[in-house]
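Asker: The sequence shown: position 151 = 201 (my numbering), numbered continuously. Each residue gets a CB set at the ideal place from its N, CA and C atoms; glycine is no exception.
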Amino acid sequence: MARPICSLLSLLFCLAMVGGAMASKLAPATQKRPPNIVLIFIDDMGWGDLSCYGQTQYQTPILDRMAAEGTRFTDFLVASPGCSPSRAAILTGCYPQRVSVPEVLNPDSPTGLSLDEQTLAELLKARGYATGMIGKWHLGVNNLMPRAQGFDEYFGLPYSNDMWPPNGKRWPTLHLFQNEKVVDTISTLADQDRLTRRYTEKAVDFIHRHKNHPFFLYLPHSMVHVPLGVSSSFRGKSRVNLYADTVMEVDWAVGEVLRALKRNGLDDDTLVWFTADNGPWLPYGDHAGSAGPFREGKGTTFEGGFREPCIVRWPGHVPAGRVEDKFLTALDVVPTLCHVTGATLPAKQIDGVNAWDLVSGKPEATAAHDVFYYYYPGELRALRWQNWKLQLPHTDRHQAGLPGRGGKWAGEVNIPVPMALYNLANDPGEKMDVSARYPAIVAKLQKLADEARADLGDSIKKIKGHGVRAPGRVEKGSR
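#1: Sorted by chain position, which residues of the same chain lie with C-beta nearer than 8 Å to residue 198's C-beta, five sequence neighbours on each side aside?
#2: Apart from the five residues on each side of it in sequence, which residues of its chain come closer than 7 Å, Cβ to Cβ, to residue 473?
#3: Please classify residue 328 as buried or exposed, where buried requires at least 16 neighbouring CB atoms within 10 angstroms.
#4: Is residue 209 closer than 8 Å to residue 157 when the C-beta atoms are compared?
#5: Going by the DSSP bridge assignment, what does residue 153 pair with across the sheet?
#6: Give the secondary structure of residue 390 by DSSP, where H, G and I count as helix, E and B as strand, and everything else as coil.
#7: Considering Cα atoms alone, identify which of 509, 315, 245 is closest to residue 281.
#8: Can you give the beta carbon distance from residue 524 to residue 191, rounded, assuming they're within the 8 Å contact cut?
#9: Just to confirm before moving on: does the CB-CB distance between residue 205 and residue 227 stay below 8 Å?
#10: Does the region 374-394 come into contact with the region 146-162, if we say contact requires no fewer than three beta-carbon pairs (one atom in each stretch) closer than 8 Å?
#11: Beta strand (DSSP E) containing residue 105: first to last residue?
#12: Taking only three categories from DSSP, how would you classify residue 326?
#13: Exposed or buried, which one is residue 233 when buried takes at least 16 other CB atoms within 10 Å?
#14: Just to confirm, are residue 402 and residue 375 a CB contact at a threshold of 8 Å?
#15: Could you please give me the residues that DSSP links to residue 508 through a beta bridge?
#16: Let me check understanding here. Comparing Cα to Cα, which of 409, 243, 272, 312 lies closest to residue 283?
#17: Which residues in the same chain have their Cβ closer than 6 Å to the Cβ of residue 364, if we skip the five residues on either side of it in sequence?
#18: Cβ atoms of residue 347 and residue 271: under 8 Å apart, would you say?
#19: Taking all protein chains shown into account, do 16 or more other C-beta atoms lie within 10 angstroms of the C-beta of residue 541, making it buried, or fewer, making it exposed?
#20: Do you know offhand how far residue 521's Cα is from residue 146's?
#21: Residue 459 to residue 230, Cα distance in whole Å?
#22: Just curious, the beta strand (DSSP E) that residue 434 is in, first and last residue?
#23: Count the other C-beta atoms from every protein chain shown that fall within 10 angstroms of the C-beta of residue 337, then say buried if there are 16 or more, exposed otherwise.
#24: Looking only at its own chain, which residues have a Cβ that is under 6 Å from the Cβ of residue 509, when we skip the five neighbours before and after it?
#25: I need the DSSP call for residue 474, collapsed to helix, strand or coil.
#26: Nearest to residue 84 by alpha carbon, out of 355, 500, 319?
#27: Report the residue ranges of all beta strand (DSSP E) runs contained in full by the region 249-301; include only those spanning at least 3 residues, in chain order.
#28: Nearest to residue 183 by CA position, among 222, 238, 250, 237, is which residue?
#29: Who are the Cβ neighbours of residue 418 in its own chain at under 7 Å, not counting the five residues just before and after it?
#30: DSSP on residue 184, reduced to helix/strand/coil?
#31: Buried or exposed: residue 292, going by 16 or more other Cβ atoms within 10 Å of its Cβ?
#32: Below 8 Å CB to CB, which residues in the same chain sit around residue 334 once its five sequence neighbours on both sides are set aside?
#33: What are the residues that DSSP puts in a beta bridge with residue 87?
#34: Just reading off the alpha helix (DSSP H) that residue 112 is part of, what are its end residues?
#35: May I have the straight-line CA-CA distance separating residue 564 from residue 116, to the nearest angstrom?
#36: Relative to the alpha-carbon of residue 213, which residue among 433, 170, 133 has its alpha-carbon at the smallest distance?
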């Protein structure tokens, strides 16, 4: 009887091995895959530019519906009032000062975001995601372009759409890239008119091609930055002005992305995060947006430069129709998305925190930060502790004269900003200096400012912070 028993055991062992192998092959198909991520980043949009944020002159029905199906944040701050540093922050989770991208980069800037920094694209790629970027990069040229920073695919402009020859002889030809290859030249306003639709078509195609695999799509639109470009389908549609037309086309573009997700069966499996890089460029007048109730706009450390619309949608995970007033920042995007995807956080220090409890509507969730620093460009100009904001003495820019019209810039003048304390809870417009009434609060904030300077530096005080890391260096070549 020994031989039949041995044969039976051998047969059972073989069946177990085959079954195990089959199960291991089938496991990925039956396991719940991590969510897709779509991060939409608009250029120069004001807090008050969407109808769900109080805009009444025109409507943004798609983003209104996205807010109704997700959560709208009223106290969301980006990390800079300028293009490049704000982008560095949302992709790294670091203050721009820490990663040495403190100000707006030009086409001939010798530095950019270091390849030693880990971007959200690199973190998600390591998790197994397909990664694509469509739109405006603005974090360095040549060797510092998106494909070197974790993106499998790239289509877009290397920097702002106003950095082109019609805006002055200092600017080179503005090229449109597909990966490392120049595929078109943006040389006329008609070319600008097609940008939003071209980006949108590429985004829809990316979603369709990667529907069977987790993906990260970073979609930083060139609009609504001047010069404004809008297709014939939307030109005049708002019956307000060209800026409103452009916002309405961006609203449509978001809708096309949401429709593509639904059409490909990905609606419930995709987290979409919508926000913008900085406040409106107010000297452009009717070609600029609205900061709503907040003071000033782009390029300043008043709330109008930093506070942005922010809508997060993920059916079944982010509460629908919720308006969240607790404090959240662009620094928190990287650690929060790493949490929901299971990606590993960067090895180096970051400044953001995992704010998933707040984003997902946990009742016990608190504000993401107690303290926030307003740097620009390399200067610590203001800081916030809870709802108290201290403007530190500095020089800021202010619109010169009447706002521009028809795409004309009014110009800007430098104005001295004295130290002032504001309670943002009842004075979001930063109109009433209460520093004389709350000297203890001022002292606390000044101490926090000293701590920030030791870590991140402050060019006003000529302090180099010990936590500042080296920038990336642009290698010579065609830009």
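Answerer: Per the coordinate set shown:
#1: 165
#2: Cβ within range, chain order: 437, 438, 484.
#3: By the neighbour-count definition (other C-beta atoms within 10 Å, threshold 16), residue 328 is a buried residue.
#4: Their beta carbons are under 8 Å apart, which means residue 157 touches residue 209 by this criterion.
#5: None, per the DSSP bridge assignment.
#6: helix
#7: 245
#8: The beta-carbon distance between residue 524 and residue 191, rounded to whole angstroms, is 6 Å. This is short enough to meet the 8 Å contact definition.
#9: Their beta carbons are under 8 Å apart, which means residue 205 touches residue 227 by this criterion.
#10: With a cut-off of 8 Å, the region 146-162 and the region 374-394 do not count as touching, because too few Cβ pairs lie within range.
#11: Neither: residue 105 is in no beta strand (DSSP E) and is coded neither H nor E.
#12: The answer is strand: DSSP assigns residue 326 an E or B state.
#13: exposed
#14: no
#15: In DSSP, residue 508 forms a bridge with 513.
#16: 243
#17: 321
#18: no
#19: As displayed, the chain neither begins before 51 nor continues past 529, which places residue 541 out of reach and without an answer.
#20: 10 Å
#21: Their backbone Cα atoms lie some 33 Å apart in a straight line.
#22: 430-435 is the span of the beta strand (DSSP E), which, as asked, contains residue 434.
#23: Buried is the call here.
#24: Result list for residue 509: 428, 429, in chain order.
#25: coil
#26: 319
#27: 265-270
#28: 250
#29: 377, 378, 379, 382, 403, 405, 408
#30: Annotated three-state conformation of residue 184 is strand, per DSSP.
#31: buried
#32: Closer than 8 Å at Cβ, skipping near neighbours: 276, 453, 454, 457, 458, 459, 460.
#33: 266, 321
#34: 111-119
#35: The displayed coordinates of the chain run from 51 to 529. Any statement about residue 564 would go beyond what the structure contains.
#36: 133
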